[in-house]
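Residue numbers (my numbering), protein chains in the order written: chain A, 14 to 464; chain B, 27 to 329. Here a beta-carbon is modelled for each residue, glycine too, at the ideal position from N, C-alpha and C. All values derive from a computational prediction rather than experimental measurement.
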C-alpha cells in the first residue's frame, strides 16, 4: 500500500502543485469569474446622453404624444445597481425572472428628447439634419401601421415603424428609441380604438405564475423555474468536467511515462496493478480539489441567492457517491487508453468513440430534466459510463427518483466501474510495455485474455 | 536458503505467433556474475522481464531469491534496456521517488542517493532537472535507480550502451565491486569483451533457445583453441595444402591465421611451421567470447 500511496502522491503533487494547474484550473476560472463580476459592477458601459429633437411622421400625427410619453417614462425608469443588491433582492429578481432577460446595454445617464412632428415633404431635410447633428432621430410610421387587418402576411409588413438615427448612434440609443417607438405605436392604436392606454396596459400586463410543488409529507415548495432547470445541468457539468479533466491528466501522465521510457523503471519497483491503482487514487485527489473548488462556487451562488434549500444534504451525499462512480469509470477508460498508445495523436483515435459516448448525457439533459422518471432517463441510467451522469441529472431534477432505482443504479454502477477497472488493468499490464503502432480493439481484447 | 538466486524451468513465452522464449532452463547461483548474451531479438529482454515479473511466462516456473519476483521486488535492482526519466523532474525528486518505491525510508534514500552520486562522479546535480543531464550522465542516474536500495540481485540490461570508454570502465569496476560484496549480477550486453572481462558465467540464447550456460572457464575449455596466429619475419606465400590439418588460412601482411581441423594435432603443425619458416611469433590463440558467440549463433541460423 505504501508503494501505491507513493505513486498516488507523486501524481497528485506533480499535477496539483504545479504552476500550470494552479493557474489553469484554480486561478483562471477565479479570475474569469472575478473579471465578469468586475465588468458588470464597475465597468458598466458609459452611454452618452441622449438629447435633442426627434422627428415623427405618422398618420394624423397620432404618434407624437405617445412617443413623447414613452421617452419620458424611459428616462424616469429606475436603474438597477447590481453592487447595491442584497441577497434577498437577488433572490427576488431570480424569482421574478428578471435576471433571465437583463438589458443588453446601459441606459444613457441623461435622456432629454423633444418629439416634433415632421411633414412628409420635410423628411429628407430632417435626415440631412440627423447626419449633421441638428436632429437626433426620425421615427416614421406608415398609414397602415395604425390600421392593422387580419391577414398575418400583411401584418408582418404593416406592423412596423422605422427609426432613422445618426451614423455614430450607439446601440443604447437605438434600442431605447426602437422600444419607445414600438410602445408609442401600440398606444396610438389603442387611442385610435377609443380606449385608455393606461387601463389597457394594466389589463394586458403578463402575470407571474408561481409553481408550487406538493412534495411528500404534505409540504409545499415554491419552484424557481429557470434555476430549477439549470441546477441539474450545473451539477452534472461540474462532475463531467472534473472527472474528464482528471481523466485527461491520467491519460497524459501514462502516455508521458511510456514515451519517456520510464515505465519499465517504475515496473521494476511496483506491479502494473499498483501503478495503475496509485495513478487512479492520485488523480482522484486531483478531482477532489477541483470539485471542492467548483462546488464551493456553486454553493456560494446558491447561498447568495438564498436558494440553498434547492438541494438537500442527502442529495449532496448522493452527488458525491455518483462523482466517485463517474471518476472510477472515466479513470479506468483513460488508464486503459493511455497504456495502449504511445503518443497523444494515437490516443485521440481511441478517445473518439469514448468522447462521443460521454457527450451523450449533455445531449440528453433536456430530456432527462423534463422527464426524470421517463423511459429515456431510466434506460440510460443503467448504461455505463452514462449511469452516474444521468443519475445526477435525475437526482437534482424536480421529480424524486424512486429509492429502489437509486440503490439499483449504485449497485450496478459500481459493479460496472469495478469491471472497467479490471478490464483496464488487464490492458494496462500489457499495454504499458508496448511501443509503436496503437492496437485495434481486437488486439486489446486479446491483451485482456493474456496470462 | 537456496543457493540459487534465479531458477527458470521449462519457460515458454509467445507473443501471438512469435515464440519469444522456448522451453528455457536457467540457474543463476547466488553471488555469480552472469553475462546474458544473445543477438538482437534473441529473447533476452523478454526473459529478464519475466524474471522481474513485469510479464509472465505462458508455461514453466520462475523463482527469484526463493520466491516470485513480485515478492522479492525490493531485493532486486533492475536497469531496463528501455531507459527513461521524468524529463522535467528534479533529479533529487526522481531518485527519491524511485528509492521510496523500492522501499527505502526518506532518510535512507537521501543518504544512499548522496553516496551513489559521489561514487558515480555526479556531484552537484541534485537540484537540476533530469533533461539537463548528458546522455551518459542520465545513464549513470538510471544505474543509481537500480542499485540505490542495495539489492541482493542486480539485473542490468545493456548497462554499457551509451557510455564512453572511461565511464564504461567506471561502471565495470562498480559492477565488479558489487559482485565482490556478494551481490548476484546478471547483465546482458553486446560488448562481449566486457562480458569476457567481468563475467564468471555466461548464458547465451538465440530465438528464445538456450545455446550456452556455463562458467567462463568451462566455456574456454570446451571451445579448444583452433586458431594458430603466426607472424613471419619477411612476407612469404604459403599454401594451405602444404600443412596437414589446416582447414584454411587468412593473411594480413606478415601475419597468418591458420584455422585448424577439429581433429588436427597441434604440436606437429607448430613443429612444421617453426622448422620451415622464419617466424617472429607463433601463438595458439584462445577463442574469444566473440568467436564463440558468432560460431554458436551462426550454427542456429537457418541458411
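Top-ranked residue by Cα proximity to residue 460 of chain A, from A:270, A:353 and A:422: A:353
CB-CB length for residue 465 of chain A against residue 445 of chain A, believed under 8 Å: For chain A, the structure presents residues 14 to 464; residue 465 of chain A sits outside this window and is missing.
Contained beta strand (DSSP E) runs [length at least 3] in the segment 177-242 of chain B, N- to C-terminal order: 179-183, 210-214, 227-232 and 235-241
Collapsed DSSP secondary structure at residue 54 of chain B in the structure displayed: strand
Cβ contact check for the segment 294-308 of chain B and the segment 250-259 of chain B: 3 or more pairs under 8 Å: yes
Contact set for residue 125 of chain B: own chain, Cβ-Cβ below 6 Å, skip 5 residues either direction: 135 and 174
Spatially closest choice to residue 239 of chain B from B:73, B:63, B:45 and B:56, by CA coordinates: B:63
Residue span of the alpha helix (DSSP H) that contains residue 190 of chain A, given as start and end: 184-205
Spatially closest choice to residue 318 of chain B from B:231, B:78 and B:276, by CA coordinates: B:231
Alpha-carbon spacing of residue 227 of chain B relative to residue 28 of chain B, whole angstroms: 19 Å
Distance between beta carbons of residue 303 of chain A and residue 255 of chain A, contact taken as under 8 Å: 4 Å
Min CB distance residue 16 of chain A to chain B below 7 Å: yes
Residue 260 of chain A, buried or exposed, once every other Cβ within 10 Å from all chains shown has been counted against 16: buried
Residue 205 of chain A versus residue 139 of chain A - alpha carbon distance: 27 Å
Beta-carbon proximity list for residue 69 of chain B, same chain, < 6 Å, skipping 5 on both sides: 46, 47, 231 and 234
Local conformation of residue 66 of chain B per DSSP, three classes: coil
Reduced DSSP secondary structure (H/G/I, E/B, other) of residue 108 of chain B: coil
Collapsed DSSP secondary structure at residue 274 of chain B in the structure displayed: strand
Whether residue 249 of chain A touches residue 402 of chain A by CB criterion (7 Å): yes
Residue 418 of chain A at chain B interface by Cβ criterion, 7 Å: no
DSSP-derived helix/strand/coil call for residue 256 of chain B: strand
Short CB-CB distance (under 7 Å) between residue 171 of chain B and chain A: yes
Closer than 7 Å to chain B by CB, residue 94 of chain A: Because the pLDDT at residue 94 of chain A is just 45, under 50, the model does not fix this residue reliably, and the point stays unresolved.
Nonlocal neighbours in the same chain, by C-beta distance under 7 Å from residue 35 of chain B, ignoring five residues either side: 51, 86 and 87
Among A:231, A:257 and A:274, the one whose alpha carbon lies nearest that of residue 168 of chain B: A:274
Chain-order list of residues whose beta-carbon lies under 6 Å from that of residue 213 of chain A (same chain, five-residue window excluded): 203
Rounded straight-line distance, which links the Cα of residue 73 of chain A to that of residue 146 of chain A: 27 Å
Top-ranked residue by Cα proximity to residue 394 of chain A, from A:412, A:362 and A:422: A:422
Close Cβ partners of residue 330 of chain B (< 6 Å) along its chain, the five nearest in sequence each way excluded: The question about residue 330 of chain B has no answer, for chain B in this structure spans 27 to 329.
Which listed residue (B:210, B:254, B:219 and B:274) has its alpha carbon closest to that of residue 57 of chain B: B:210
Buried or exposed (CB count within 10 angstroms, at least 16 for buried), residue 142 of chain B: buried
Terminal residues of the beta strand (DSSP E) in which residue 309 of chain B lies: 305-311
Interface flag, residue 331 of chain B vs chain A, CB-CB below 7 Å: This structure gives no information on residue 331 of chain B, because the portion of chain B shown stretches from 27 to 329.
Bridge partner(s) assigned by DSSP for residue 32 of chain B: B:54 and B:90
Chain B contacts made by the segment 330-352 of chain A, where a contact means CB separation under 8 Å: none
Selection from A:315, A:219, A:176 and A:349 that minimises the alpha carbon distance to residue 198 of chain A: A:176
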